[in-house]
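Engineer:
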Amino acid sequence: TVRQQGADDGWVKVRGMLPGLSPGGDVKAMCDCCDQLNSALAEGTTLKQLNTSQRSEVVKAAAKCLDAKDPTLLAKVAGLILKITKGGANLLSVSKLLFRLSKASSNDEVLLVEGVTAGILTALGGNRLSSITGGG
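What follows is the structure in structure tokens.
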């Protein structure tokens with residue numbers, strides 16, 4: 389169907405960008421790749437159409453960058469993982485990373501600019517946030 393073709397095109401575009409997240413590469417290029425991936429995932433229904441294995445492939449590619457030292461890259465990668473993940477160990481890893489980044493006040497601006505707070509709230513939205521806070 390036309391709808392399925394659009395979803396396939398979105399995945400092909402996203403998948404083609406994943407090699408840009410190779411660890412040890414140019415930090416600016418990897419940051420640009422994260423921005424491009426976020427834009428591609430925001431197009432139409434691309435994000436909603438990704439199946440579990442496709443989401444996993446994106447998270448694995450992004451997770452390879454979690455050992456980087458650059459706070460901007462780490463914030464971008466964390467935001468990407470928050471956008472694509474449905475929870476579990478990925479959410480825990482990103483939470484630990486963001487906690488580590490938040491310890492240095494020099495990273496506050498980076499976290500704000502990259503919109504990580506919105507990603508956290510979205511990831512914890514609704515039922516998850518209530519279960520953590522004990523709310524009903």
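Heads up, the sequence shown is in my numbering, so the first residue is 389 and it goes up one at a time.
Glycine residues also receive a C-beta, built at the ideal position from the N, C-alpha and C atoms.
All of these numbers come straight from a predicted model, not from anything done at the bench.
1. On the criterion of 16 or more Cβ atoms from any shown chain inside 10 Å, does residue 465 qualify as buried, or is it exposed?
2. For the segment 439 to 451 against the segment 487 to 498, are there 3 or more C-beta pairs whose distance is under 8 Å?
3. Using C-beta distances below 6 Å, list every residue in its chain close to residue 467, excluding the 5 sequence neighbours before and after it, in chain order.
4. Is residue 427 helix, strand or coil by DSSP?
5. Let's see if you can read the secondary structure: which residues bound the alpha helix (DSSP H) around residue 452?
6. Which residue marks the beginning of the alpha helix (DSSP H) containing residue 466, and which one marks its end?
7. Confirm, please, whether the CB-CB distance from residue 460 to residue 421 is below 8 Å.
8. As a quick exercise: from 458, 436 and 448, pick the residue whose alpha carbon is nearest that of residue 417.
9. What does the Cβ neighbour count give for residue 439, buried or exposed, with the cut at 16 atoms within 10 Å?
10. Residue 498 to residue 492, Cα distance in whole Å?
11. According to DSSP, is residue 410 helix, strand or coil?
12. Alpha helix (DSSP H) containing residue 484: first to last residue?
13. By the three-class DSSP mapping on this structure, what secondary structure does residue 513 have?
Structural biologist: In short, the structure shows the following:
1. Buried.
2. As far as the Cβ criterion goes, the segment 439 to 451 does not touch the segment 487 to 498, which means the pair count is below three.
3. Taken in chain order, the residues that qualify are 502, 504 and 507.
4. Per DSSP, reduced to three states, the secondary structure at residue 427 is helical.
5. Unbroken run through residue 452: none, as it is neither H nor E.
6. Start and end: 459 to 472.
7. Taking a C-beta distance under 8 Å as the contact criterion, residue 421 and residue 460 do not qualify as a contact pair.
8. Of the candidates 458, 436 and 448, the residue whose Cα lies closest to the Cα of residue 417 is 458.
9. An exposed status is given to residue 439, since fewer than 16 other beta-carbon atoms sit within 10 Å of its beta-carbon.
10. About 11 Å.
11. Residue state, collapsed to three classes: coil.
12. Start and end: 477 to 490.
13. DSSP places residue 513 in coil when its eight states are reduced to three.
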